[in-house]
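Residue numbers (our numbering): 2 to 179.
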């Protein structure tokens, strides 16, 4: 060690940050002379190619191999399912940030899982207002569909759900802890 930090910004002493001790000593040594805490410290593998285009292709290939659960189709009939549907889509966007770096990609992905009256509303927007911000901006899209297919009064919905909540004899209290 010549006093310079290793490639990728790891600690200059070759040890992991904090007090990890010898627990990390079994971490495999890396090629290219980097210290063996590189992956842990930087949370992603080092770039293999100096060419930016190749690195982006490699990252997209890694994203493509992720097995993320796809959202259940949203039909628009059950208003309580909108939030779950939206959360499933957001999970996909978080897991694959390169694929969904454009807001229009997020909107296109989400609309591919619309069915029934929700899909009918989307096609009406396409036909009668093709330049609508809703079709290319994620926030505008989410707000539009929330106003049409989301729960209107979330307080009343929560009260109704709490009123109907009861514990059967074959269940445990921990099932109901949020």
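Don't be surprised by glycine CBs; every beta carbon is placed ideally from N, CA and C. It should be emphasised that the depicted structure is a prediction, and the values quoted were computed from it without experimental measurement.
Check	Outcome
Beta-carbon proximity check, residue 150 vs residue 109, cutoff 8 Å	no
Cut-off 8 Å between Cβ atoms - residues of its own chain near residue 124, not counting five sequence neighbours on either side	none
Rounded straight-line distance, which links the Cα of residue 134 to that of residue 104	11 Å
Spatial neighbours of residue 64 in its chain, beta-carbon cut-off 7 Å, leaving aside the 5 residues before and after	97, 99, 100
Rounded C-alpha distance that separates residue 137 from residue 178	38 Å
Cβ pair residue 111, residue 90 closer than 8 Å	yes
Separation of residue 171 from residue 141, as counted between CA atoms	44 Å
N- and C-terminal bounds of the alpha helix (DSSP H) containing residue 83	82 to 96
CA nearest to the CA of residue 76, picked from 88, 62, 121	121
Cβ-based neighbour list, residue 60, same chain, cut-off 6 Å, excluding 5 preceding and 5 following	99
Cβ separation of residue 86 and residue 72, assumed to be a contact under 8 Å, to the nearest whole Å	6 Å
Secondary structure of residue 75, DSSP reduced to three states	strand
Buried or exposed by the 16-neighbour rule on C-beta atoms within 10 Å, applied to residue 115	buried
Residue 75 at chain B interface by Cβ criterion, 8 Å	Absent from the structure is chain B; it holds one protein chain and no more.
Under the three-state DSSP convention, the category residue 99 falls into	coil
Rounded straight-line distance, which links the Cα of residue 74 to that of residue 66	22 Å
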